[in-house]
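Colleague: Residue numbers (my numbering), protein chains in the order written: chain V, 82 to 470; chain U, 16 to 316; chain W, 2 to 308. The C-beta atom is built at its ideal place from N, Cα and C for all residues, glycine as well. Quick caveat: nothing in here was measured; it's all calculated off a predicted structure.
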Amino acid sequence: MQRLPIVIAIGLLTLTLAGRHTRLAAEERVVHFFQDNALTGQAGSYGTRSIHGAELAAKHINEAGGFTDTCGNKYTIKLSVWDMANSREQAIAGLRKAADDSTVLAVLGSTPSTGFAAMEPVAGQVKMPIIATGSAVPIKKWNPYAFRVTIATPVAAPYFLKQFKEMFHPKRVAMIYDITQDALRAEAELIRDLANQTGFEIVAFEAFRVNDTDFRAQLTTIKGTTPEWLGVYAANTEGSKIINQMDELGLLGKVNIFSGYGVFQDPTYWDLANGRTKGAVNWAVAFNLASSDPLMQKVVADYKRFPEEPTIYSVYGYQALQAAVDAVKRACAATDREKFRDALAETKLEALAGSVAFHNPRSEPNGENQGGRVIISRITGRDSYELLE
Amino acid sequence: MEQFVQQLVNGIMAGSTYAVVALGFGLVFSVMRVVNLAHPEIFMIGAYAAFVVISGLHVPDAGLDVPAAVALFLGVLFVAMLTTGAAGLVLERLVIRPTRGTYILTPFIATAGVSIALQNSAQRLFGPDPVHVPSVIPPNTFIVGGVRVTSMQLVTFLTAVAIMLALRYYVHSTRWGRATRAVAEKPDVAAACGVNVNLVSQLTVGIASIMAGAAGVALGLLYTSAAPFMGLLYGLKSFICMLVAGNRHIEAIMAVGLLLGVVEAMVTGYISSNLRDAIAFALLLAVLFFRPQGLFGSYEV
Amino acid sequence: MSSFLSAHLPAFWVVTLITAGLNAIITMGLYFSNSAGALSACHAALAGMGAYVAAVLTTNFDWPFPVALLAGAGVGFVVGMLLALVTLRMNELVAGLTTLAFGETLVIVAFNLDYIGGANGFIGIPLQTTFDSVYPVLAVVVFAAWRFDRARLGYAARACRDNPHAAAAMGINVPWVKTLVFALGSGIAGLGGGLRAHYVLVQNPDDMGFFFSINYLIFWVFGGSYTFWGPLFGAIFLTILPELLRFSLYDRFIIYGVILTTIVIVRPQGVITRVPLGRRPAFVAWLSRLWGRPVPAASLGQSPGGR
Numbered sequence: 082m083q084r085l086p087i088v089i090a091i092g093l094l095t096l097t098l099a100g101r102h103t104r105l106a107a108e109e110r111v112v113h114f115f116q117d118n119a120l121t122g123q124a125g126s127y128g129t130r131s132i133h134g135a136e137l138a139a140k141h142i143n144e145a146g147g148f149t150d151t152c153g154n155k156y157t158i159k160l161s162v163w164d165m166a167n168s169r170e171q172a173i174a175g176l177r178k179a180a181d182d183s184t185v186l187a188v189l190g191s192t193p194s195t196g197f198a199a200m201e202p203v204a205g206q207v208k209m210p211i212i213a214t215g216s217a218v219p220i221k222k223w224n225p226y227a228f229r230v231t232i233a234t235p236v237a238a239p240y241f242l243k244q245f246k247e248m249f250h251p252k253r254v255a256m257i258y259d260i261t262q263d264a265l266r267a268e269a270e271l272i273r274d275l276a277n278q279t280g281f282e283i284v285a286f287e288a289f290r291v292n293d294t295d296f297r298a299q300l301t302t303i304k305g306t307t308p309e310w311l312g313v314y315a316a317n318t319e320g321s322k323i324i325n326q327m328d329e330l331g332l333l334g335k336v337n338i339f340s341g342y343g344v345f346q347d348p349t350y351w352d353l354a355n356g357r358t359k360g361a362v363n364w365a366v367a368f369n370l371a372s373s374d375p376l377m378q379k380v381v382a383d384y385k386r387f388p389e390e391p392t393i394y395s396v397y398g399y400q401a402l403q404a405a406v407d408a409v410k411r412a413c414a415a416t417d418r419e420k421f422r423d424a425l426a427e428t429k430l431e432a433l434a435g436s437v438a439f440h441n442p443r444s445e446p447n448g449e450n451q452g453g454r455v456i457i458s459r460i461t462g463r464d465s466y467e468l469l470e
Numbered sequence: 016m017e018q019f020v021q022q023l024v025n026g027i028m029a030g031s032t033y034a035v036v037a038l039g040f041g042l043v044f045s046v047m048r049v050v051n052l053a054h055p056e057i058f059m060i061g062a063y064a065a066f067v068v069i070s071g072l073h074v075p076d077a078g079l080d081v082p083a084a085v086a087l088f089l090g091v092l093f094v095a096m097l098t099t100g101a102a103g104l105v106l107e108r109l110v111i112r113p114t115r116g117t118y119i120l121t122p123f124i125a126t127a128g129v130s131i132a133l134q135n136s137a138q139r140l141f142g143p144d145p146v147h148v149p150s151v152i153p154p155n156t157f158i159v160g161g162v163r164v165t166s167m168q169l170v171t172f173l174t175a176v177a178i179m180l181a182l183r184y185y186v187h188s189t190r191w192g193r194a195t196r197a198v199a200e201k202p203d204v205a206a207a208c209g210v211n212v213n214l215v216s217q218l219t220v221g222i223a224s225i226m227a228g229a230a231g232v233a234l235g236l237l238y239t240s241a242a243p244f245m246g247l248l249y250g251l252k253s254f255i256c257m258l259v260a261g262n263r264h265i266e267a268i269m270a271v272g273l274l275l276g277v278v279e280a281m282v283t284g285y286i287s288s289n290l291r292d293a294i295a296f297a298l299l300l301a302v303l304f305f306r307p308q309g310l311f312g313s314y315e316v
Numbered sequence: 002m003s004s005f006l007s008a009h010l011p012a013f014w015v016v017t018l019i020t021a022g023l024n025a026i027i028t029m030g031l032y033f034s035n036s037a038g039a040l041s042a043c044h045a046a047l048a049g050m051g052a053y054v055a056a057v058l059t060t061n062f063d064w065p066f067p068v069a070l071l072a073g074a075g076v077g078f079v080v081g082m083l084l085a086l087v088t089l090r091m092n093e094l095v096a097g098l099t100t101l102a103f104g105e106t107l108v109i110v111a112f113n114l115d116y117i118g119g120a121n122g123f124i125g126i127p128l129q130t131t132f133d134s135v136y137p138v139l140a141v142v143v144f145a146a147w148r149f150d151r152a153r154l155g156y157a158a159r160a161c162r163d164n165p166h167a168a169a170a171m172g173i174n175v176p177w178v179k180t181l182v183f184a185l186g187s188g189i190a191g192l193g194g195g196l197r198a199h200y201v202l203v204q205n206p207d208d209m210g211f212f213f214s215i216n217y218l219i220f221w222v223f224g225g226s227y228t229f230w231g232p233l234f235g236a237i238f239l240t241i242l243p244e245l246l247r248f249s250l251y252d253r254f255i256i257y258g259v260i261l262t263t264i265v266i267v268r269p270q271g272v273i274t275r276v277p278l279g280r281r282p283a284f285v286a287w288l289s290r291l292w293g294r295p296v297p298a299a300s301l302g303q304s305p306g307g308r
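1) Once the 5 residues before and after V:A107 are set aside, which same chain residues still bring their CB inside 8 Å of it?
2) So within the stretch 218–259 of chain V, which uninterrupted alpha helix (DSSP H) runs reach at least 4 residues, ignoring any that extend past its ends?
3) When you compare each of V:S436, V:V406, V:I142 to V:T151 by their alpha carbons, which one comes out closest?
4) Any Cβ of chain U within less than 8 Å of the Cβ of V:I260?
5) Determine the extent of the beta strand (DSSP E) in which V:L430 is found, giving its start and end residues.
6) Is the beta carbon of U:T114 less than 8 Å from the beta carbon of W:P269?
7) Have a look at U:M28 and U:Q217 and give me their C-alpha separation to the nearest angstrom.
8) Taking 6 Å as the limit between beta carbons, can you name the residues of its chain near V:A124, skipping five residues before and five after?
9) Name the two residues that bound the continuous beta strand (DSSP E) containing V:N118.
10) In terms of residue numbering, what span does the beta strand (DSSP E) encompassing V:K159 cover?
11) For V:D464 and chain W, any beta-carbon pair shorter than 8 Å?
12) Flag this pair as touching only if the stretch 89–109 of chain W and the stretch 229–243 of chain W have three or more C-beta atom pairs under 8 Å; answer yes or no.
13) Output the distance between the C-alpha atoms of V:W223 and V:E449, rounded to the nearest integer angstrom.
14) Along chain W, in chain order, which residues have C-beta atoms closer than 8 Å to that of V:E329?
15) According to DSSP, is V:S373 helix, strand or coil?
16) For U:L106, does the count of other Cβ atoms within 10 angstroms reach 16, so buried, or fall short, so exposed?
17) At which residues does the alpha helix (DSSP H) containing V:I212 begin and terminate?
18) Tell me whether W:G221 is buried or exposed, calling it buried when 16 or more other Cβ atoms sit within 10 Å of its Cβ.
19) Could you tell me the alpha carbon to alpha carbon distance between W:W177 and W:A56, rounded to whole angstroms?
20) So, with DSSP's three-state summary, where would you put U:F157?
21) Are there 16 or more other CB atoms within 10 angstroms of the CB of W:S249, so buried, or fewer, so exposed?
22) Quick check on the burial criterion: 16 or more other C-beta atoms within 10 angstroms. Buried or exposed for V:M248?
23) Between W:G51 and W:G73, how many whole angstroms is the CB-CB distance? I'm expecting something under 8 Å.
24) Below 8 Å CB to CB, which residues in the same chain sit around U:L290 once its five sequence neighbours on both sides are set aside?
25) Give a yes or no on whether the C-beta atoms belonging to V:Q116 and V:L160 are separated by under 8 Å.
26) State yes or no: is the beta carbon of W:F112 nearer than 8 Å to at least one beta carbon in chain V?
27) Name the two residues that bound the continuous alpha helix (DSSP H) containing U:T121.
28) Check whether chain V comes within 8 Å of W:I124, counting only Cβ atoms and requiring the distance to be less than that.
29) What residues are listed by DSSP as bridge partners for W:I124?
30) Quick one: which unbroken beta strand (DSSP E) runs of 3-plus residues sit fully inside the stretch 319–372 of chain V? Chain order, please.
31) Excluding the five sequence neighbours on either side, which residues of its own chain have a C-beta within less than 7 Å of the C-beta of W:A96, listed in chain order?
32) Compare the C-alpha of V:Y397 against each of V:R357, V:T214, V:H141 and name the closest.
33) Using a beta-carbon distance cut-off of less than 8 Å, what residues from the stretch 215–226 of chain V approach chain W?
34) Compute the Euclidean distance between the alpha carbons of W:W292 and U:L120, then round it to the nearest angstrom.
35) Would you identify the three-state DSSP class for W:G235, choosing helix, strand or coil?
36) Give me, in chain order, the residues of the same chain whose beta-carbon lies closer than 7 Å to that of V:R266; leave out the 5 immediate sequence neighbours on both sides.
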């Protein structure tokens, strides 16, 4: 009789263990994605949005009870975050940490090119699939493990120029661009190089550096050349100052503004420029924060839990997670990176805003997003724009 | 010709934005031989203080008439200057006083640590995006013979001039100002003559920080934005202005600031916008090469 | 060594240690350059130049890695020598400003040069640097610094730094010492830059700017600018510190700034200070006392002022 409590304890323990075993037999797994992005530092506003976008996507899926793959396994998503603070070495350190951790299936990030340019070759060395969420830096030679959901200049700008010519027939175009940012400079130079065959003349080609605050000298030069259109290739901090100073110099009424990467659809840009971006034209990935698509509306509503407003980088983060989940579904693997990579390499997914499509065979690697609809829009309000094409 | 005058005006106005930060920076350096790397961040605090006050009062963008606008501007200036003055005094007591007098770079790196902490705190508090500061001064543009200047640019220029005059008055005509000059020229002799060097140090940093607050308000309103890293650019340019001007005359820093602005505008307008900084720096360096003690002379360092 | 470490340390700590080693090499270069009284505010630019040269040579011209590294170091040496010659007659601060302006000019030139990629950076650099290449080079540089400190050149440099007029009166050729020492430091920085480029595999003009040069200055002064142990310690400690602070996701750098400032306030002369040659540092003397060994009185203490 003194042994009874011990017997009961052992019995309960056995039942508990058996019960656990039973739960495991239902094959529910956790798939772990690692976010290597910029939370602090000068690229903080972009990386934070990408991280939050992916977190929101994971939350939506987990709240719906997780997802099921084509082999019948159920998964929930786990996300961990690594701050690369706009430093190449920290980005690499994060990637290697993820590679060492056998529970991590893929890395999402990074948004700044500082990180992605350094992570891309390392991804091939450690054989860790990475999905970048916003960098548009030109990659000389891809390795099979690097992907990005960004729509970059080589794909978008020629389409934009074609539509631009047909819609507006410009003759005199000036450019003001940030010489220190790869994507902005690349597009400005591409437009300059394609100007002749598109049928317009570049009358001014002025440069500035990131963190600059006064652009009146460049704008005065541009004003002297009387262009019809001005391409403002700048991030929101500098671009809003450029547009404000255009107004002060009397240029705003005389010259139309265009740009790329959907910059004008950023509400912060509108705020900082005090609404002067109304009427500006840009090419963008087909996302509309005010769209009637129920998923987009849900995302915009749920994004309110974060302190900042969503922009294209939030969308990229969301899409990257969607693409990763879609690849897991087809690969039936929670920790096998090779199978995951091969599934990811043939993605064709209708994601949050436009499609994500990869064609990344090991023989001829290319991690660019082949899907993604490019639209041309004109800004009509803080959160609204008019679709031109 | 009109374009030339416009570029000249652009340069002077841009130069006054550099001068407005460089004046306080240069004061601390010439008096105490201390490079206060946290000065641009104190300037940033001033801009954020303006943001907090103006958006807290829910002022509609440029919706005030002139007397109310001036009153609000002065009120915001007062609050910002109070905040940054307090921050400067704390900085002096905690960070600069223990490190000054040793190697010249020690306060430099101590204040560098403070500036890192302040930048990241601002990013944490206000978010990584720049915040929109509603404009207070009615945004009129004055057009004289085709050359355009806005009211806020003039206000910034006047702020720089006011700071310069205030500092000049302080340094030349007040008792503490004379003590400050004595400390700037020969700190040991001044101490031997009974000057309380610690108090002079506190006053100097305090006044420089108050000026940084005024600068923050002016530039926050000029560019209608405040950002956590807005001080970086001004730090570099102020440092250059300060060294080229020499530390004998406070007016020299203003002059060199305007000169730098004009040189940049002219280089951008007439030579190349790509190489603007390279050529501007090269020209200033040429000046220093021929006059190593600075354009307007300096005390022995 | 590399494989031993990879087996026992998490990979990201290996990355951090390699980064610390690279920073240490460049900061040792700064130590050399500044040992005669100069103030180099462009070491990141000098390192970047060496990096570009080495990277272009290995990527575009298939030079062997060690030769390319030495070429990068050589370019750094020559440029450093020219820079030192230009700033000879200037006082310390104006010379510092000249180096600053030089660094910024290099950055702008690099942004405008399409051959090296401009804002896209120079990519496609082959991975050549591992733990096994960084730490032996660092050991060689530290050994060189140790020998330098005890050689006539080292004494001459310190004399020039402490009092150039007295040094000249003692017969030291001050301009020659300053130039040589600055050039040596720039060469070492170029070497470090080349190593870094072959680790990070991308070299961007941004990495050469004033912000990074200030970082090296911080490592140098923080650690202790009068002895070579100082920059070594400063670089390694301040590179590892942000990684130790990762428990705080958002506030990491606020804590880093506070720790940096606090330590500088407590030890304004630098964490590691110079001990007169021939005497044992106070720490070693304390250890000997703990050990029970008697310590001769004459070998205690540091020079007055800790300078």
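Modeller: So, to answer that:
1) With a pLDDT of 47 at V:A107, under the threshold of 50, the modelled position of that residue is not reliable, and the figure given next carries that caveat. Closer than 8 Å at the Cβ level, and outside the excluded window around V:A107, lie K155.
2) 234–249
3) V:V406
4) yes
5) Looking at the DSSP string, the run of the beta strand (DSSP E) that includes V:L430 is 429–432.
6) yes
7) 31 Å
8) N167, P193
9) 109–118
10) 155–164
11) Chain W has no Cβ within less than 8 Å of the Cβ of V:D464.
12) no
13) Rounded to the nearest whole angstrom, the C-alpha separation of V:W223 and V:E449 is 9 Å.
14) Those do not exist, as V:E329 stays about 27 Å from chain W at its closest Cβ, beyond 8 Å.
15) coil
16) With 16 or more other CB atoms across the displayed protein chains lying within 10 angstroms of its CB, U:L106 is buried.
17) V:I212 -> not in any alpha helix (DSSP H); beta strand (DSSP E) instead, spanning 211–213.
18) The displayed chain sequence assigns Trp, not Gly, to residue 221 of chain W. It is buried - the Cβ of W:W221 has at least 16 other Cβ atoms within 10 Å.
19) When rounded, the distance between both Cα atoms is 31 Å.
20) strand
21) exposed
22) exposed
23) 3 Å
24) V282
25) yes
26) yes
27) 121–141
28) yes
29) Looking at the DSSP assignment, W:I124 forms a beta bridge with W:V203.
30) 337–340, 362–366
31) A39, L40, T88
32) V:T214
33) V218, P219, I220, K221, K222
34) So the alpha carbons of these two residues sit roughly 38 Å apart.
35) helix
36) Taking V:R266 as the centre and dropping the five residues before and after it, the same chain places the C-beta of Y258, D259, I260 closer than 7 Å to its C-beta, in chain order.
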